[in-house]
Amino acid sequence: MKIHDRVTTRNISTLLRAGAALAGLLLSAAVLAGNGSDPLAPYEEDGPYTTTRHSGGLGCTIYRPRNLGSNHPLIVWGNGTGGTPTTYGSGLEHWASWGFVVAAANTSNAGSGDEMLDCIDYLQNSSYAGNIDFSKIGASGHSQGGGGTIMAGRDARITATAPVQPYILGLGHQTSSQYQQHAPMLLLSGSLDTLAGPTLNQAPVFSRVDVPVFWATLNGASHFEPVGDFGDYKAMTTAWWLYQLSGDSDAASLFTGACSACGLSDWDVERKGL
């Protein structure tokens, strides 16, 4: 009986250890599956570059990788009314961590897009111009700066745009610019935005522009969602730049073909030309 008791105890101990190991494997699998279910999750994380911020003359603030290599794409940024680059500083640093040189116009009235384009001119004459790929330039901005993004999008140097909750009912924006786009556009809205609401400010843009457009409305987002680190727009915009400016095929799959971002529960998506 004593021998039988020892065998039974050993068996129970073995079963408990096996059960714990199996539970660990199942938990790990569940975690991996949870991460895999959100195709935007990798772009929430900072990229591989450490970043630095410095003045770009009087007109721009530059966010960029601290140690520049070659052929870094460029993004120009326009602030919302009353905002400065530091209003969105964490988000701009996030883009820079993915290898982009980001030039934010030092203006709180970016609706014309002119100051954003001036930052391109500044960088073309900078000491590190040779590290930038000026054939890959994105334009983005929030609110009035989103309207300025569309204005800047008329410039042939711009190869992709991402207006965030653009305001198009004045403040320097011209409706005609919406018919003069030549670069693919990520158009971002917030369902609870009462200052630049989707019906009056983004729906007309989607219908008027004659370029590929991915229009994504974030459910529950107010007009101030992008302030700080871009909120839940951070991952979507990062993936867009990697697709459009860096040719990243994984990022492209979020927007094209089967479109893994199209079925996300927090977003309502319309697209054309993609």
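All letters in the sequence shown, in the order written, are residues 63 to 336 by my numbering. Every residue gets a Cβ at the ideal spot worked out from N, C-alpha and C, and that includes glycine. Only a predicted model underlies this, so the values are computations on that prediction, with no experimental measurement involved.
Practice item. Give the range of the alpha helix (DSSP H) segment to which Leu326 is assigned. Key: Taken as a continuous stretch (DSSP letters only), Leu326 belongs to no alpha helix (DSSP H), as it is neither H nor E.
Point to revise | Check whether Val275 and Lys334 have beta carbons under 8 Å apart | key: With contacts defined as CB atoms closer than 8 Å, Val275 and Lys334 qualify as a contacting pair.
Review point. Are there three or more Cβ pairs, one per stretch, closer than 8 Å when the segment 142 to 161 is compared with the segment 284 to 298?
Key: yes
Point to revise | Spatial distance of Ser315 from Gly200 (CA atoms) | key: 19 Å
Check your understanding: Nearest-angstrom Cα distance between Gly219 and Phe196?
Key -> With the sequence shown as reference, residue 219 is identified as Arg, and Gly is not the correct amino acid for it. Distance between the alpha carbons of Arg219 and Phe196: 8 Å.
Review point. Do the CB positions of Thr113 and Ser159 come within less than 8 Å of each other?
Key: yes
Point to revise | Ala95 to Val267 span [Cα, whole Å] | key: Residue confidence is low: Ala95 scores 38 on pLDDT, short of 50, so the model does not pin down where it sits. Its coordinate-derived value is still stated next. Spanning the two alpha carbons is a distance of roughly 37 Å.
Check your understanding: Measuring CB to CB, does Ala167 end up less than 8 Å from Glu177?
Key -> yes
Point to revise | Residue ranges of each alpha helix (DSSP H) within the segment 204 to 279, 4 or longer | key: 206 to 214, 260 to 263 and 265 to 270
Point to revise | Collapsed DSSP secondary structure at Asp176 in the structure displayed | key: helix
Practice item. Could you tell me whether the segment 180 to 193 touches the segment 117 to 124, using the rule of 3 or more Cβ pairs below 8 Å? Key: yes
Exercise for review: Compare the beta carbon distance of Ala245 and Gly207 with 8 Å and say whether it is the shorter of the two.
Suggested key: no
Check your understanding: Taking the alpha-carbon positions, what's the Pro104 to Ala297 distance?
Key -> 8 Å
Practice item. Have a look at Glu106 and Gly319 and give me their C-alpha separation to the nearest angstrom. Key: 22 Å
Review point. Should Asn141 go down as buried or exposed, given a rule of 16 or more other Cβ atoms within 10 Å for buried?
Key: buried
Review point. Mind checking whether Leu249 and Trp329 have CB atoms under 8 Å apart?
Key: The criterion of a C-beta distance shorter than 8 Å is not satisfied by Leu249 and Trp329.
**Study point:** His116: first and last residue of the uninterrupted beta strand (DSSP E) it sits in
**Key:** For His116, the uninterrupted beta strand (DSSP E) segment begins and ends at Thr113 to Gly118.
Exercise for review: Could you spell out the range, first to last residue, of the alpha helix (DSSP H) harbouring Leu154?
Suggested key: Gly151 to Ser159
Practice item. Tell me where the beta strand (DSSP E) around Thr300 begins and ends. Key: Counting along the chain, Thr300 falls outside any beta strand (DSSP E), though it belongs to the alpha helix (DSSP H) covering Lys296 to Ser308.
Exercise for review: With a cut-off of 8 Å on the beta carbons, I'd call Gly161 and Gly203 a contact; round off their distance for me.
Suggested key: About 20 Å; that fails the 8 Å criterion.
**Study point:** Cα-Cα separation between Leu262 and Asn129, rounded to whole angstroms
**Key:** 43 Å
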